[in-house]
Amino acid sequence: MPSAGERRLFFGTALGVLLLDALTKLVAEAYLLRTTGIPILGEWFQLSLVYNPGAAFGLHLGVYSRWIFLALALGAVVLLTRMSATAETGDRLRQIALGLVAGGAAGNLVDRIRSPRGVVDFLDFGIGSLRWPTFNVADIAVTCGAVALAISLWMEDNRQARHEAASAG
Numbered sequence: 000m001p002s003a004g005e006r007r008l009f010f011g012t013a014l015g016v017l018l019l020d021a022l023t024k025l026v027a028e029a030y031l032l033r034t035t036g037i038p039i040l041g042e043w044f045q046l047s048l049v050y051n052p053g054a055a056f057g058l059h060l061g062v063y064s065r066w067i068f069l070a071l072a073l074g075a076v077v078l079l080t081r082m083s084a085t086a087e088t089g090d091r092l093r094q095i096a097l098g099l100v101a102g103g104a105a106g107n108l109v110d111r112i113r114s115p116r117g118v119v120d121f122l123d124f125g126i127g128s129l130r131w132p133t134f135n136v137a138d139i140a141v142t143c144g145a146v147a148l149a150i151s152l153w154m155e156d157n158r159q160a161r162h163e164a165a166s167a168g
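Using numbering that gives the first Met the number 0, read the sequence shown as starting at 0 and increasing by one per residue.
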């Protein structure tokens with residue numbers, strides 16, 4: 000059972016991601032709505048406003064995509080909050096990782112609730128027609144959080160294996 004401080008770390012991380020994501024999306028919509036994009040590093044990195052009604056990489060499930068992905072994101076936030084509450088005491092990396100993923104999921108969830116156009120994406124990388132799908136701060140948080148969660152789980156497995164080896168030997 001995590002300490003109160005560790006739970007605050009989870010909620011603080013999630014809230015920080017949610018607020019940063021909302022702020023950057025508001026700025027992106029305000030400045031990019033009437034442009035085809037703003038080059039930052041030539042064509043390699045530019046700011047371009049895109050509304051994504053689907054999921055990652057433009058995955059679309061038909062007319063009900065908005066509601067399906069809204070329900071999945073809501074379920075993910077609930078599950079991640081429960082995972083935080085049952086995490087091992089002292090695993091601050093796990094709390095940060097879960098907070099990153101939950102905050103990112105909540106950020107994109109807010110977009111799905113507020114607009115039928117979809118999630119606001121604006122970070123555009125690529126060269127010419129070879130471009131990575133446009134993404135946002137919430138997507139960065141989910142990705143980084145997932146990697147950190149995998150590391151946390153790997154570290155937990157290593158701790159358990161060492162403990163079992165010490166108990167057996």
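Beta carbons are placed, not taken as given, at the ideal position from N, Cα and C, and that holds for glycine.
Proximity winner among the options, relative to residue i (alpha-carbon distances)
{"i": "S47", "options": "V109, T23, W66 and A13", "result": "T23"}
{"i": "A72", "options": "T85, E5 and A137", "result": "A137"}
{"i": "T80", "options": "R65, I67, L99 and T35", "result": "L99"}
{"i": "G19", "options": "N51, A84, N135 and L69", "result": "In the sequence on display, residue 19 carries Leu and not Gly. Nearest C-alpha to L19: N135."}
{"i": "D90", "options": "M154, S166 and I139", "result": "M154"}
{"i": "R111", "options": "P52, R7, F10 and G125", "result": "P52"}
{"i": "S64", "options": "I37, G117 and T88", "result": "G117"}
{"i": "F124", "options": "Q45, H162, I95 and E163", "result": "Q45"}
{"i": "L185", "options": "R7, P1, A21 and G11", "result": "The structure shown does not extend to residue 185, since the chain spans only 0 to 168, so no value can be given for it."}
{"i": "E42", "options": "I139, W131, I95 and A160", "result": "W131"}
{"i": "F9", "options": "L69, S83, A27 and E163", "result": "S83"}
{"i": "D120", "options": "S2, A3, H162 and A27", "result": "A27"}
{"i": "G4", "options": "Y50, T88 and V49", "result": "T88"}
{"i": "S114", "options": "L25, M0 and S2", "result": "L25"}
Coarse secondary structure for residue i, derived from DSSP in three states
{"i": "L46", "result": "strand"}
{"i": "L17", "result": "helix"}
Unbroken beta strand (DSSP E) run spanning residue i, endpoints
{"i": "L40", "result": "I37 to L40"}
Integer Cβ distance of residue i from residue j, believed to fall under 8 angstroms
{"i": "L92", "j": "I150", "result": "7 angstroms"}
{"i": "V141", "j": "A105", "result": "Actually they do not touch by this definition, with Cβ atoms about 10 angstroms apart."}
{"i": "G127", "j": "G15", "result": "Between G15 and G127 the Cβ distance is about 36 angstroms, and since that is not below 8 angstroms, they are no contact."}
{"i": "L122", "j": "T133", "result": "6 angstroms"}
In the region 73 to 156, which residue ranges form an unbroken alpha helix (DSSP H) of at least 4 residues, counting only runs that do not cross its ends? With a minimum length of 4 residues, the continuous alpha helix (DSSP H) runs that stay inside the region 73 to 156 are 91 to 113.
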